[in-house]
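Report on the structure given below.
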Amino acid sequence: MFPLQPSGELVFVAPSSHPDEVILHNQIANHALPDNNNIKETRRKRIDECNTKRVLHRETERQRRQEMANLYASLRTLLPLEYIKGKRSVSDHMQEAVNYIKHMQKRIQELKMRREKRSNFSGTKIGSSNSDEKSVNFVEVTQGRDGVEILISSGCNSFGLGPGLSGVLQELQASGLNVVSCLSTKENDRRFLHRIHAELVDDVKHIEIPVMQERLIHLIN
Numbered sequence: 251m252f253p254l255q256p257s258g259e260l261v262f263v264a265p266s267s268h269p270d271e272v273i274l275h276n277q278i279a280n281h282a283l284p285d286n287n288n289i290k291e292t293r294r295k296r297i298d299e300c301n302t303k304r305v306l307h308r309e310t311e312r313q314r315r316q317e318m319a320n321l322y323a324s325l326r327t328l329l330p331l332e333y334i335k336g337k338r339s340v341s342d343h344m345q346e347a348v349n350y351i352k353h354m355q356k357r358i359q360e361l362k363m364r365r366e367k368r369s370n371f372s373g374t375k376i377g378s379s380n381s382d383e384k385s386v387n388f389v390e391v392t393q394g395r396d397g398v399e400i401l402i403s404s405g406c407n408s409f410g411l412g413p414g415l416s417g418v419l420q421e422l423q424a425s426g427l428n429v430v431s432c433l434s435t436k437e438n439d440r441r442f443l444h445r446i447h448a449e450l451v452d453d454v455k456h457i458e459i460p461v462m463q464e465r466l467i468h469l470i471n
């Protein structure tokens, strides 16, 4: 409606908002604000979760690298110097560790065969003559990480004859070895086992194990 004034002028009257419409509009506006806040809060939580996961991943990776470094360092201490000399990379050390394990497996197999052979030989000697067993001496020389180890299985009646244990120790010193320990135990009523550990002196770099073993065999038999 466009009411007429007494003067005959046409007056435009702005429509007034109904109270119910105003309330409904305010409710809609107030309801929209929490939705926006929830979206922002959700985004913030997701960002925090991503940052937390990233930090945990970095820490886990750091610990893994540290553990691997400790394992590599421990592995290097177990390898003989000649296997890692001049080699610095981890891959080289791993390969040399494989080579060393194969070498030790071969060595163990050889020692096992020698032990079986010696056992068979000893059994034959026992069956034929106990006095023969008491007169046979065996020598085993092995290369260790920090020197050599000499195992001597001697008969009760034979090792005291000739140079004996003192002659073996003198021979080791003459070959450039420093005797660290010498332990003798009784295997049975007929034999003794002597275990000698010796280290290389400073000016000696290498010992020919087969040659030394042969010399000791001739020395005590």
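Take 251 as the starting number for the sequence shown in my numbering and just add one per residue.
Idealized CB from N, CA, C, for every residue including glycine.
Item: Report yes or no: do three or more beta-carbon pairs, one from the stretch 424-432 and one from the stretch 455-469, lie closer than 8 Å?; Value: yes
Item: Give a yes or no on whether the C-beta atoms belonging to Leu-401 and Ile-446 are separated by under 9 Å.; Value: yes
Item: Tell me whether Arg-441 is buried or exposed, calling it buried when 16 or more other Cβ atoms sit within 10 Å of its Cβ.; Value: buried
Item: Flag this pair as yes or no: are the beta carbons of Asn-471 and Asn-349 separated by less than 9 Å?; Value: no
Item: Over the uninterrupted beta strand (DSSP E) stretch that includes Ile-400, give me the two end residues.; Value: 398-405
Item: Can you tell me whether Leu-450 is helix, strand or coil according to DSSP?; Value: strand
Item: For a minimum of 4 consecutive residues, which ranges assigned as the alpha helix (DSSP H) are wholly contained in the stretch 318-359?; Value: 331-334
Item: Val-389 and Gln-463: beta carbons closer than 9 Å?; Value: yes
Item: Going by CA-CA distance only, name the one from Glu-311, Asn-438 and Val-391 that's closest to Glu-449.; Value: Val-391
Item: In angstroms, rounded to a whole number, what distance separates the CA positions of Met-363 and His-468?; Value: 22 Å
Item: Return the first residue and the last residue of the alpha helix (DSSP H) that Glu-421 is part of.; Value: 414-424
Item: Which residue's Cα is closest to the Cα of Met-344: Leu-443, His-444, Ser-416 and Ser-324?; Value: Ser-324
Item: Using the Cα positions of Lys-480 and Met-354, report the straight-line distance between them to the nearest angstrom.; Value: It is not possible to answer for residue 480, since the shown part of the chain is limited to 251 through 471.
Item: With DSSP as the reference, identify every bridge partner of Arg-445, one or two as the case may be.; Value: Leu-401 and Leu-433
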